[in-house]
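J.: Numbering (our numbering), first residue to last: -6 to 312. Virtual Cβ for every residue (Gly too), placed ideally from N, Cα, C.
(1) What separation, rounded to the nearest whole angstrom, lies between the Cα atoms of residue 142 and residue 159?
(2) Quick check on residue 166: does DSSP put it in helix, strand or coil?
(3) What number of angstroms, rounded off, separates the C-alpha of residue 115 from the C-alpha of residue 166?
(4) State buried or exposed for residue 8, treating a residue as buried only when at least 16 other CB atoms are found within 10 Å of its CB.
(5) Buried or exposed: which applies to residue 297, given that a residue is buried once 16 or more other Cβ atoms fall within 10 Å of its Cβ?
(6) What would DSSP say about residue 47, mapped onto helix, strand or coil?
(7) Can you tell me whether residue 235 is helix, strand or coil according to DSSP?
(8) Can you tell me whether residue 209 is buried or exposed? The criterion is at least 16 other CB atoms within 10 Å of its CB, across all chains shown.
(9) Measure the beta-carbon distance from residue 194 to residue 26 and round it to whole angstroms, keeping in mind my assumption that it falls under 8 Å.
(10) Considering only the beta carbon of each residue, do residue 216 and residue 38 sit closer than 8 Å?
(11) Hey, could you find the ends of the alpha helix (DSSP H) residue 80 is sitting in?
(12) So, residue 243 versus residue 0, is the Cβ gap smaller than 8 Å?
(13) Taking the alpha helix (DSSP H) that residue 57 falls in, what are its first and last residues?
(14) Just checking my contact of residue 68 with residue 182 at CB under 8 Å: how many whole Å lie between their CB atoms?
(15) Checking 8 Å against the spacing of the C-beta atoms, do residue 222 and residue 66 come in under that value?
(16) Tell me whether residue 169 is buried or exposed, calling it buried when 16 or more other Cβ atoms sit within 10 Å of its Cβ.
(17) Just to check my reading of the structure: residue 259 and residue 86 have Cβ atoms closer than 8 Å, yes? What is that Cβ distance to the nearest angstrom?
(18) Should residue 227 be labelled buried (16 or more other beta-carbon atoms within 10 Å of its own) or exposed?
(19) Would you kindly work out how many angstroms separate the C-alpha atoms of residue 270 and residue 224, rounded to a whole number?
(20) Quick one: grab the DSSP three-state call for residue 259.
(21) One question on the structure: do residue 101 and residue 120 come within less than 8 Å of each other, judged by their Cβ atoms?
(22) Kindly indicate which three-state DSSP category residue 205 falls into: helix, strand or coil?
(23) Take residue 10 and list the residues in its own chain whose beta-carbon comes closer than 6 Å to its own, dropping the five residues that flank it on each side.
(24) Report the CB separation of residue 88 from residue 150 in whole angstroms; it is logged as a contact under 8 Å.
Next comes the structure, spelled out in structure tokens:
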């Protein structure tokens, strides 16, 4: 296990770099649809190379027996991506990456309300504290109660991601689907959806391609695609090899890194309360991760649960 720790390092670095590169590409193209279509397209090519080199194409046959739930989840993942990307286009990277971690709050709420998961009182206190941190992170001007409404998109994106996590976990256990097959299918659907949206909105045709700064565009586009596939593949492999609490907790370094880099790369500025809110959200999520470690969960490779079995909260994989 120790010699696999490099996967976690690559995961954190790739995810942090992707958020920054994604923002740069959206700024250059001024379109969340087109930038995401370009990134997803090259990522699709890289996934094809990966599936070819690892002889995984035969596993894509699994899609036939579960195509409908996979399609629903893939569309939901697309919704998560586009809402988050629009937020990144009009809001700060530092704020966005922290607010996306509000998904942990929604995971707790969904597990309790829908799946009747029991949480201790101090877990709910942490959820409440994190909600307060989310409010502070919005950088609200309390004099006239104004704030960047696009920041709320990150919270909505976190809600969708939390729901997708339960659905993906269901497909992995109930449908016995390979994780990389889900990644491949989700990326394919998202690529097509972003392409269609780019054409419908006219963004694809309205971009002045001759006016692009290709010295910036090509490196960001290519490197961003490599970071996206690196993030996806190392995340699923890490979930396979390490305790989920460890991966979830270490991934919380991503918003910290992005908040620091965004100040340098985009000259983003936050209020003192905004920084306090970021710290509260991240520390709260870390505390929930530590609490998770002390709980007992069924192993990832257990048999398919019965119809009425609960889908355990903390053994999830996130797409």
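T.: Checking against the coordinates, here is how it stands:
(1) What you label residue 142 is simply residue 149 of the chain shown in a count that begins at 1. What you label residue 159 is simply residue 166 of the chain shown in a count that begins at 1. Those two C-alpha atoms are separated by around 28 Å.
(2) Locating residue 166 in the chain shown gives position 173, counting from the first residue. Helix.
(3) Numbered from its first residue, the chain shown carries residue 115 at position 122. Numbered from its first residue, the chain shown carries residue 166 at position 173. Each residue's alpha carbon lies about 30 Å from the other.
(4) Here residue 8 refers to the residue found at position 15 of the chain shown. Answer is buried; the Cβ neighbour count reaches 16.
(5) Counted from its first residue, the chain shown places residue 297 at position 304. Legend: pLDDT at residue 297 = 42, less than 50; position of this residue unreliable, value from coordinates given subsequently. Classification for residue 297: exposed.
(6) The sequence position of residue 47 within the chain shown is 54, counting from 1. Note: residue 47 maps to coil in three-state DSSP.
(7) Start at 1 with the first residue of the chain shown, and residue 235 comes out as number 242. In the structure shown, residue 235 sits in coil (DSSP, three-state: anything other than H, G, I, E or B).
(8) Counted from its first residue, the chain shown places residue 209 at position 216. Exposed, by the Cβ-count rule.
(9) Taking the first residue of the chain shown as 1, we reach residue 194 at position 201. Taking the first residue of the chain shown as 1, we reach residue 26 at position 33. With a Cβ gap of about 6 Å, residue 194 and residue 26 count as contacting.
(10) The residue labelled residue 216 in the question sits at position 223 within the chain shown. The residue labelled residue 38 in the question sits at position 45 within the chain shown. No, the Cβ-Cβ distance between residue 216 and residue 38 is not below 8 Å.
(11) Here residue 80 refers to the residue found at position 87 of the chain shown. Counting along the chain, the unbroken alpha helix (DSSP H) around residue 80 starts and ends at 60 to 83.
(12) Position 250 of the chain shown, counting from 1, holds the residue named residue 243. Position 7 of the chain shown, counting from 1, holds the residue named residue 0. Going by C-beta atoms, residue 243 is not nearer than 8 Å to residue 0.
(13) Start at 1 with the first residue of the chain shown, and residue 57 comes out as number 64. Residue 57 -> no alpha helix (DSSP H), and no H or E assigned at all.
(14) Position 75 of the chain shown, counted from the start, is the residue given in the question as residue 68. Position 189 of the chain shown, counted from the start, is the residue given in the question as residue 182. So it is a contact: roughly 7 Å between Cβ atoms.
(15) Counting from one through the chain shown, the residue named residue 222 turns up at place 229. Counting from one through the chain shown, the residue named residue 66 turns up at place 73. Their beta carbons are not under 8 Å apart, which means residue 222 does not touch residue 66 by this criterion.
(16) Looking up residue 169 in the chain shown gives position 176. Per the 10 Å Cβ criterion, exposed.
(17) Sequence index remark: in the chain shown, residue 259 carries index 266 (1-based). Sequence index remark: in the chain shown, residue 86 carries index 93 (1-based). Right, the Cβ-Cβ distance comes to about 6 Å (below 8 Å), so this counts as a contact.
(18) As a first step, residue 227 is located in the chain shown; it is residue number 234 there, counting from the start. Result: buried.
(19) Locating residue 270 in the chain shown gives position 277, where the first residue counts as 1. Locating residue 224 in the chain shown gives position 231, where the first residue counts as 1. When the Cα atoms are used, residue 270 and residue 224 turn out to be separated by approximately 26 Å.
(20) Position 266 of the chain shown, counting from 1, holds the residue named residue 259. Residue 259 falls in the coil class under three-state DSSP.
(21) In the chain shown, residue 101 corresponds to position 108, counting from 1. In the chain shown, residue 120 corresponds to position 127, counting from 1. It is a contact, given that the beta carbons lie within the stated cut-off.
(22) Translated into the one-based positions of the chain shown, residue 205 becomes position 212. Note: residue 205 maps to coil in three-state DSSP.
(23) Taking the chain shown and counting its residues from 1, the one referred to as residue 10 is at position 17. Closer than 6 Å at the Cβ level, and outside the excluded window around residue 10, lie 220.
(24) The count along the chain shown starts at 1 and reaches residue 88 at position 95. The count along the chain shown starts at 1 and reaches residue 150 at position 157. In fact, because the Cβ distance is near 12 Å, the residues do not count as touching under 8 Å.
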